[in-house]
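One structure is given below, encoded as C-alpha cells.
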Amino acid sequence: MHDLEHIAEAYIAAWNETDAAKRGALVERAFTPEIGYRDPVMQGDGHEAINTLIAGVQHQFPGFRFALKGKPDGFSDMIRFSWTLGPNGTSVIEGTDFGLIEDGRLKQVTGFLDKIPAQ
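This is the structure:
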C-alpha cells in the first residue's frame, strides 16, 4: 500500500522549489530516474527533463505556487490528485494528474488542465 498523500506532497514540493540544487534533490525523492511526464503543453523524460520543465513553469509564472486540491486517491500502483497554481494562495490554473507509482515514487505522470485563464 502506498502513502498517496506523501507521494502527492513530494510532487508538489518539487514543483514549488525555486532553488535548483534543492529542487534536484526533491525531484529525485518524488520521481524515479525513468520518470515520463506528459501534459497538454509539455513533456519530458528523466530527472533532468523534469527539472527543466519545472524551471520553465517557474519562469513563466514567477511567484506562483502549487497546492494540492482535495485528497489524492488511487489503487494498486496508480494515483490521482488535483492541484492549483497561482499567487498568494489563489487559483489561476488547476489540473488533475494521474501517475504510475514504483517504489513509492512516480514513474509516469499524465497531467490534464482543468482550468486555464481565458486567452
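Counting from 910, one number per residue, gives the positions in the sequence shown under the numbering used here.
Just so you know, even glycine gets a beta-carbon here, dropped at the ideal spot from N, CA and C.
- Message: Give me, in chain order, the residues of the same chain whose beta-carbon lies closer than 8 angstroms to that of E914; leave out the 5 immediate sequence neighbours on both sides.
- Response: K980 and P981
- Message: I'd like to know whether the C-beta atoms of H911 and I1002 end up nearer to each other than 8 angstroms.
- Response: No; because the gap between Cβ atoms is not below 8 angstroms, this pair is not in contact.
- Task: Output yes or no for whether 8 angstroms exceeds the beta carbon distance between R947 and A919.
- Result: Cβ atoms of R947 and A919: not closer than 8 angstroms.
- CB-CB length for L962 against F975, believed under 8 angstroms: Contact doesn't hold; Cβ gap of about 13 angstroms is too wide.
- Under the three-state reduction of DSSP, which class applies to V936: helix, strand or coil? In the three-state DSSP reduction, V936 falls in the helix class (H, G or I).
- Query: Between the C-alpha atoms of D1006 and F1021, what's the straight-line distance to the nearest angstrom?
  - Reply: 6 angstroms
- Hey, quick one: how far does the beta strand (DSSP E) through A976 stretch, first residue to last? F973 to F984
- Query: DSSP three-state call for I963: helix, strand or coil?
  - Reply: I963 carries a helical assignment under DSSP once its states are collapsed to helix, strand and coil.
- Message: Comparing C-alpha positions only, which one of E926, G953, F984 and A1027 sits nearest to P971?
- Response: E926
- Measuring alpha carbon to alpha carbon, tell me which of V936, M987 and D1012 ends up nearest A958. Nearest Cα to A958 within the set V936, M987 and D1012: V936.
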